[in-house]
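Here the sequence shown stands for residues 77 to 350, numbered as in this note's numbering. The structure appears right after this line, and notes come after that.
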Amino acid sequence: MALAYKIPATEEHGPGEIEQHLPRKYKIVTKNLNVYYGDLKALSNVTVEIPEKSVTALIGPSGCGKSTFLRTLNRMNDLVDNVRIEGQVRLDGQDIYAPGIDVVAMRKRVGMVFQKPNPFPMTIFDNVAYGPRIHGLKNRRQLEEIVERSLVGAALWDEVKDRLNAPALGLSGGQQQRLCIARLLAVEPEVLLMDEPCSALDPISTSRIEDLIHELKDAYTIIIVTHNMQQAGRVSDWTGFFLNGELVEFGKTAELFERPRDRRTEAYITGRFG
């Protein structure tokens, strides 16, 4: 049976009262989401409401559907052969899989940072300016302002401001990942999807990315896939546990880790499998 996860009511308000008195602030809502790769069912009836301007971590063993779910949120699975998607994915109430949706415009609103840093083989400046240029901006002064603002936002400006014309591939791995985040910020997204952004980084670079996530959540809705449960505990407000394509449990991170409702969640976070 598919489960629908919502932000729980407070002790002062029952479910009906809280829905009447507080506006819903869900950035992304999925309903009965199923994903098939050919005959393989990768996601099964995933229904969840993801709060805006917060960090949501997705945890679970390898092959459980975390990254597949993440890619459905900006239609990256459209690029996969023989994929079939059923159900709904709503961004601010609009189904992104509805006919007539401008996928390019949607992906500008919902950007992705991948597991391995992937800077373009061009200068640091041109990497960050790439998106605005693609969208038609040619004014050099405006581009310079966007590049500086984005690099500041990605906590990289102080490290590269004197070598913006240097090759981006000459940066360290952690710097490259922050550059990719700056490149994303330059097109002013609303949602940042991060697919294991620290898995290829050293502990110091990982700490910097985690600090950056804390800073960015005041302005963006962030969803991060991670195999590191300690990282999920450090950076996220909400956590979803996936297993065999099913969203087993979703809730506030501290509550899910300390008082999981499902025995499968408890078994995973205590290391009995995974």
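Backbone N, C-alpha and C fix where the C-beta goes; we use that ideal spot for every residue, glycine too. Here the structure is a predicted model, which is why all the values come from computation and not from measurement.
Reference residue i, options the options, closest by Cα
| i | options | result |
| --- | --- | --- |
| Lys192 | Asn121, Val263, Leu277, Gly136 | Leu277 |
| Ser275 | Gly250, Ile257, Ser312, Ala231 | Gly250 |
| Leu261 | Thr329, Ser120, Lys184 | Lys184 |
| Cys256 | Asp238, Arg239, Ser283, Leu227 | Leu227 |
| Thr302 | Thr106, Ser138, Arg225 | Ser138 |
| Val180 | Gly207, Glu162, Gly163, Gln164 | Gly207 |
| Thr106 | Phe349, Leu134, Glu128, Gln164 | Gln164 |
| Ala308 | Tyr112, Ala133, Tyr113, Leu219 | Ala133 |
| Asp313 | Thr329, Val324, Lys237, Gln306 | Thr329 |
Cα-Cα separation, residue i to residue j
| i | j | result |
| --- | --- | --- |
| Gly141 | Glu334 | 23 Å |
| Glu95 | Asp115 | Only weak support exists for where Glu95 lies, its pLDDT of 40 falling under 50; the value from the coordinates is given anyway. Going from the Cα of Glu95 to the Cα of Asp115 covers about 39 Å. |
| Ser130 | Val124 | 15 Å |
| Thr292 | Gly229 | The residue you asked about is not Thr; residue 292 is Leu in the sequence shown. C-alpha separation (whole angstroms): 8 Å. |
| Ile172 | Phe318 | 22 Å |
| Leu149 | Gln252 | 24 Å |
| His97 | Ser281 | Low per-residue confidence applies at His97: pLDDT is 43, beneath 50, and the placement is therefore not dependable enough to give any value. |
| Ile345 | Glu235 | 37 Å |
| Arg339 | Asn110 | 24 Å |
| Pro99 | Phe326 | Caution is warranted here: a pLDDT of 49 is assigned to Pro99, below 50, making its placement in the model unreliable, and no coordinate value can be reported. |
Pair within 8 Å by beta-carbon distance, residue i and residue j
| i | j | result |
| --- | --- | --- |
| Ala244 | Met188 | no |
| Leu269 | Leu167 | no |
| Leu119 | Gly321 | yes |
Residue range of the alpha helix (DSSP H) that includes residue i
| i | result |
| --- | --- |
| Lys352 | This structure gives no information on residue 352, because the portion of the chain shown stretches from 77 to 350. |
| Asn203 | 200 to 210 |
| Glu291 | 279 to 292 |
| Ile345 | 339 to 345 |
| Glu221 | 216 to 229 |
8 Å contact criterion, which residue i and residue j should meet: CB distance rounded
| i | j | result |
| --- | --- | --- |
| Phe201 | Val223 | 6 Å |
| Ile299 | Ile135 | With 8 Å as the limit, Ile299 and Ile135 do not qualify as a contact, their Cβ atoms being about 12 Å apart. |
| Glu286 | Arg310 | 6 Å |
| Tyr112 | Arg160 | 4 Å |
Extent of the continuous beta strand (DSSP E) to which residue i belongs
| i | result |
| --- | --- |
| Asp234 | Premise fails: Asp234 lies in the alpha helix (DSSP H), 233 to 236, not in any beta strand (DSSP E). |
| Val301 | 297 to 301 |
| Gln164 | 159 to 167 |
| Glu322 | 322 to 328 |
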